[in-house]
Amino acid sequence: MDAAIATEALKLRRSPVARTGWLAVVLGVPALTAALTAAARAGGDSQLAVKAAAMLTGTGLAGYLGIVGQVTTVAMLVTTGIVTAWCFGREFVDGTVAGLFAATVSRRRIAAAKFVVMILWSLTACAATVLLALLAGALLGLGPPTGDAWRAAGMDLAAGTLMAALALPLAWVASARRGYLPAVAALLLIVVATQIITALGAGGWFPYAAPALWLGMGGPEAAATIGPTQLLLTIPVSGAGIWATTAWWNRAQLT
Amino acid sequence: MTPASPTTGPVVAAQGLTLWFGADKAVDGVALTVVSGEIHALVGLNGAGKTTLMKMLLGMLRPDAGTARLFGEPVGDAGPEVWSQVGHLLETPFGYGELTPTENVIAAARLHGVDVSAARRQAGEMIGELTLGRWADRRSRVLSLGNRQRLGLACALVHRPRLLILDEPTNGLDPMGVLELRGMLLSRSHGDGVAVLVSSHHLDEVAWIADRITVMHRGLVIGNLDPAGVDLEHRFFDMVYTAEKEGPWTQPSPPRP
Chain S
1 MDAAIATEAL KLRRSPVART GWLAVVLGVP ALTAALTAAA RAGGDSQLAV
51 KAAAMLTGTG LAGYLGIVGQ VTTVAMLVTT GIVTAWCFGR EFVDGTVAGL
101 FAATVSRRRI AAAKFVVMIL WSLTACAATV LLALLAGALL GLGPPTGDAW
151 RAAGMDLAAG TLMAALALPL AWVASARRGY LPAVAALLLI VVATQIITAL
201 GAGGWFPYAA PALWLGMGGP EAAATIGPTQ LLLTIPVSGA GIWATTAWWN
251 RAQLT
Chain U
256 MTPASPTTGP VVAAQGLTLW FGADKAVDGV ALTVVSGEIH ALVGLNGAGK
306 TTLMKMLLGM LRPDAGTARL FGEPVGDAGP EVWSQVGHLL ETPFGYGELT
356 PTENVIAAAR LHGVDVSAAR RQAGEMIGEL TLGRWADRRS RVLSLGNRQR
406 LGLACALVHR PRLLILDEPT NGLDPMGVLE LRGMLLSRSH GDGVAVLVSS
456 HHLDEVAWIA DRITVMHRGL VIGNLDPAGV DLEHRFFDMV YTAEKEGPWT
506 QPSPPRP
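Chains as they are written, first to last, in this note's numbering: chain S, 1 to 255; chain U, 256 to 512.
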């Protein structure tokens with residue numbers, strides 16, 4: 001295996017941040033959404049039951065997977081953002097970045113390897129979350145997956161992956177500001193901005209809002225306005241972040 | 256492109272290296288060579304510019320003026336052929352807390368172009384040579400300061416470089432570690448022909464190992480000391496005090512060009 005990818009993969013596999021983040025998504029999302037669905041199905045007029053019922057975009061397993069998708073989009077953005085911030089920013093905070101200079105593997109390649117392992121981390125987290133959610137759906141007695149449920153699971157996977165891709169540009173903040181905390185601050189800003197822009201009704205064209213709206217977080221009318229163009233805005237945003245980060249690492253100095 | 260053989264010219268050749276940090280000239284027109292088989296020591300007070308100079312030689316900082324060549328190649332153009340022959344230890348020793356010392360040394364070797372099987376073998380040898388065997392399979396974060404320094408040295412040496420640039424390598428080492436390091440540097444330099452540039456605050460240590468001593472003060476090279484002479488400490492402070500008295504720094508710095 002490529003030396004840079006092998007090294008970055010080992011660092012990520014051993015990292016408590018990466019492990020905790022992965023488990024938080026994979027276990028937390030199905031558990032939380034299962035609890036919400038159970039509350040909605042139990043009926044009653046408690047505040048939780050009413051709010052949970054409002055999140056349901058359909059009935060049965062497909063409805064449950066709709067909630068899973070909405071929560072997954074937020075979870076993937078936040079956890080991928082935090083782990084990406086750590087993956088890049090820790091080199092500066094821990095002072096290990098000096099060891100990445102004067103090496104036969106270029107720093108651009110090391111940054112690219114970090115992106116490769118982060119993409120694998122987020123894809124496996126997203127896929128495992130949806131798989132566990134399918135299992136949780138079966139345990140809730142929502143029945144076996146039908147065509148609608150498989151479609152909903154596919155949408156969850158797609159939306160979660162898009163949100164993970166949108167978290168990758170935080171690597172640039174962690175690098176240029178030489179630490180993970182500035183990137184975490186930028187992540188919080190993105191979450192707040194998403195809320196405000198969505199509330200103003202412009203979320204469909206804001207890449208960080210579009211995937212969740214597509215899954216019905218803003219209701220069926222908002223979901224109907226989201227097409228492939230809005231979702232694919234992810235590609236230039238994520239791509240520009242990755243390009244800027246690798247270019248930064250290529251030119252970086254150890255000031 | 257193959258780097259020039261170390262025997263055909265200096266391994267390190269710097270000329271007029273200058274770097275400004277804002278209004279301060281951190282390194283001022285420094286010329287320096289290191290040849291194969293010699294240990295060249297840089298000494299100076301804190302803030303003299305030793306580390307900054309080393310960072311420029313390693314491509315970590317780009318000079319505002321001057322040139323630096325490693326194996327005949329300008330540092331800015333140096334590729335894998337050059338860097339595979341350079342080992343360094345600057346500031347924080349290389350080592351990720353979540354990896355074991357063995358894994359860290361293997362990673363350092365691989366990032367310097369050593370293939371997997373050779374990296375494993377050479378890492379095992381380095382762990383033994385630096386007496387890290389007891390901790391080899393524990394997480395590196397549990398290592399003491401001295402053992403972290405040993406790990407950093409193992410990472411700097413594992414790919415068998417022809418040039419070593421070490422900033423304060425005795426930091427945190429116990430007396431035994433200092434002796435071991437002295438032996439390693441002498442055998443690699445005088446035995447194997449490795450060029451070594453080392454900075455140190457410990458003048459007695461420098462006197463033991465250095466073939467040449469360059470004194471830096473306020474970013475300038477202010478002279479050389481003979482390591483074989485007597486009372487090195489006295490001669491060092493004489494040189495620094497004279498430079499301080501006669502130097503231009505009582506005047507405001509000229510503006511940055």
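C-beta atoms are modelled at their ideal positions from N, C-alpha and C, and glycine is treated no differently. It should be emphasised that the depicted structure is a prediction, and the values quoted were computed from it without experimental measurement.
What did DSSP end up calling T198 (chain S) once you bin it into helix, strand or coil?
As a first step, residue 198 (chain S) is located in the first sequence; it is residue number 198 there, counting from the start. Here T198 (chain S) sits in helix by DSSP.
What separation, rounded to the nearest whole angstrom, lies between the Cα atoms of R443 (chain U) and A209 (chain S)?
Locating residue 443 (chain U) in the second sequence gives position 188, counting from the first residue. Locating residue 209 (chain S) in the first sequence gives position 209, counting from the first residue. Whole-angstrom Cα-Cα distance: 59 Å.
Can you list the residues of chain A that Q253 (chain S) reaches, using a CB-CB cut of under 8 Å?
Although the question refers to chain A, the structure presented lacks it and instead comprises the protein chains S and U.
Please classify V268 (chain U): does DSSP put it in a helix, a strand, or coil?
Residue mapping note: residue 268 (chain U) aligns to position 13 of the second sequence, counting from 1. Rather than Val, the amino acid found at residue 268 (chain U) in this sequence is Ala. Strand at A268 (chain U).
Is the shortest distance between the beta-carbon of S339 (chain U) and the beta-carbons of chain S less than 8 Å?
By 1-based counting over the second sequence, the position of residue 339 (chain U) is 84. Yes, contact with chain S.
For a test of the three-state rule: what should DSSP assign to S455 (chain U), helix, strand or coil?
Start at 1 with the first residue of the second sequence, and residue 455 (chain U) comes out as number 200. Three-state DSSP puts S455 (chain U) in a strand.
Which of the three DSSP states, helix, strand or coil, is assigned to T262 (chain U)?
Taking the second sequence and counting its residues from 1, one reaches residue 262 (chain U) at position 7. Here the model assigns T262 (chain U) a pLDDT of 49, short of 50, so the residue's position is not dependable and the matter cannot be decided.
Taking 8 Å as the threshold (beta carbon to beta carbon), is V50 (chain S) in contact with chain U?
Translated into the one-based positions of the first sequence, residue 50 (chain S) becomes position 50. Not closer than 8 Å to any Cβ of chain U, the Cβ of V50 (chain S) fails to qualify, so no.
Bridge partners for F276 (chain U) per DSSP, in chain order?
Locating residue 276 (chain U) in the second sequence gives position 21, counting from the first residue. DSSP, once it has assigned bridges, lists U:D279 as partnering F276 (chain U).
Please return the same chain residues whose Cβ sits closer than 7 Å to the Cβ of R375 (chain U), not counting the five positions on each side in sequence.
As a working note, residue 375 (chain U) is residue 120 in the second sequence. Result list for R375 (chain U): I361, in chain order.
Counting beta carbon pairs with one atom in the segment 293 to 301 of chain U and one in the segment 464 to 475 of chain U, are three or more of them shorter than 8 Å?
As far as the Cβ criterion goes, the segment 464 to 475 of chain U touches the segment 293 to 301 of chain U, which means the pair count is three or higher.
Who are the neighbours of L513 (chain U) on chain S, taking C-beta pairs under 7 Å?
Residue 513 (chain U) lies beyond the range of chain U shown here (256 to 512); nothing can be said about it.
Can you say whether W338 (chain U) is buried or exposed, counting buried as having 16 or more other CB atoms within 10 angstroms of its CB?
Against the second sequence, residue 338 (chain U) aligns to sequence position 83. It counts as buried.
How big is the Cα-Cα spacing for L312 (chain U) and E353 (chain U)?
Looking up residue 312 (chain U) in the second sequence gives position 57. Looking up residue 353 (chain U) in the second sequence gives position 98. Between L312 (chain U) and E353 (chain U), the C-alpha separation is close to 30 Å.
DSSP on L23 (chain S), reduced to helix/strand/coil?
The residue you call residue 23 (chain S) lines up with position 23 of the first sequence. Three-state DSSP puts L23 (chain S) in a helix.
Could you round the C-beta distance between D156 (chain S) and G69 (chain S) to whole angstroms and report it? I think they count as a contact, below 8 Å.
One-based indexing of the first sequence puts residue 156 (chain S) at position 156. One-based indexing of the first sequence puts residue 69 (chain S) at position 69. Yes, they are in contact, since the Cβ atoms of D156 (chain S) and G69 (chain S) sit about 4 Å apart, within 8 Å.
Nearest to G514 (chain U) by alpha carbon, out of U:P356, U:L487, U:L408, U:V267?
Because chain U here runs from 256 to 512, residue 514 (chain U) falls outside it and cannot be looked at.
Quick one: give me the first and last residue of the alpha helix (DSSP H) that T261 (chain S) is part of.
The requested residue 261 (chain S) does not occur in the structure, where chain S is confined to residues 1 to 255.
Over what stretch of residues does the beta strand (DSSP E) that includes M55 (chain S) continue unbroken?
For the purposes of this step, residue 55 (chain S) is taken as the residue at position 55 of the first sequence. Element bounds for M55 (chain S): not the beta strand (DSSP E) but the alpha helix (DSSP H), 47 to 55.
I'd like to know whether the C-beta atoms of L132 (chain S) and V26 (chain S) end up nearer to each other than 8 Å.
Taking the first residue of the first sequence as 1, we reach residue 132 (chain S) at position 132. Taking the first residue of the first sequence as 1, we reach residue 26 (chain S) at position 26. Against a cut-off of 8 Å, the Cβ pair of V26 (chain S) and L132 (chain S) comes out as a contact.
What does S15 (chain S) touch in chain U if you count any residue whose Cβ is under 8 Å from its own?
In the first sequence, residue 15 (chain S) corresponds to position 15, counting from 1. Near S15 (chain S) (Cβ distances below 8 Å), the residues of chain U are E353.
So is A363 (chain U) in contact with chain S if we call contact Cβ pairs under 8 Å?
By one-based count along the second sequence, residue 363 (chain U) stands at place 108. Interface residue, yes.
May I ask you to check if the CB of A4 (chain S) is nearer than 7 Å to at least one heavy atom of the ligand SAM?
Looking at this structure, you won't find the ligand SAM or any other ligand, since it has none at all.
Name the one or two DSSP bridge partners that R467 (chain U) has.
In the second sequence, residue 467 (chain U) corresponds to position 212, counting from 1. Paired residue(s): U:H295.
Which residue spans inside the segment 92 to 169 of chain S form an unbroken alpha helix (DSSP H) run of at least 4?
Counting only runs of 4 or more, we get 107 to 139, 147 to 167.
Mind listing the chain S neighbours of G368 (chain U)? Cutoff is C-beta to C-beta under 9 Å, in chain order.
Numbered from 1 along the second sequence, position 113 holds the residue referred to as residue 368 (chain U). Within 9 Å Cβ-Cβ: A3, A103, T104, V105.
Taking the C-alpha atoms as reference points, what is the distance between E346 (chain U) and T79 (chain S)?
The sequence position of residue 346 (chain U) within the second sequence is 91, counting from 1. The sequence position of residue 79 (chain S) within the first sequence is 79, counting from 1. Going from the Cα of E346 (chain U) to the Cα of T79 (chain S) covers about 32 Å.
Apart from the five residues just before and just after V416 (chain U), which ones in its own chain have a Cβ nearer than 6 Å to its Cβ?
Counting from one through the second sequence, the residue named residue 416 (chain U) turns up at place 161. The sequence given here places Pro at residue 416 (chain U); Val does not occur at that position. Excluding residues within five positions, the ones whose Cβ falls inside 6 Å are Q340, V341, G342.
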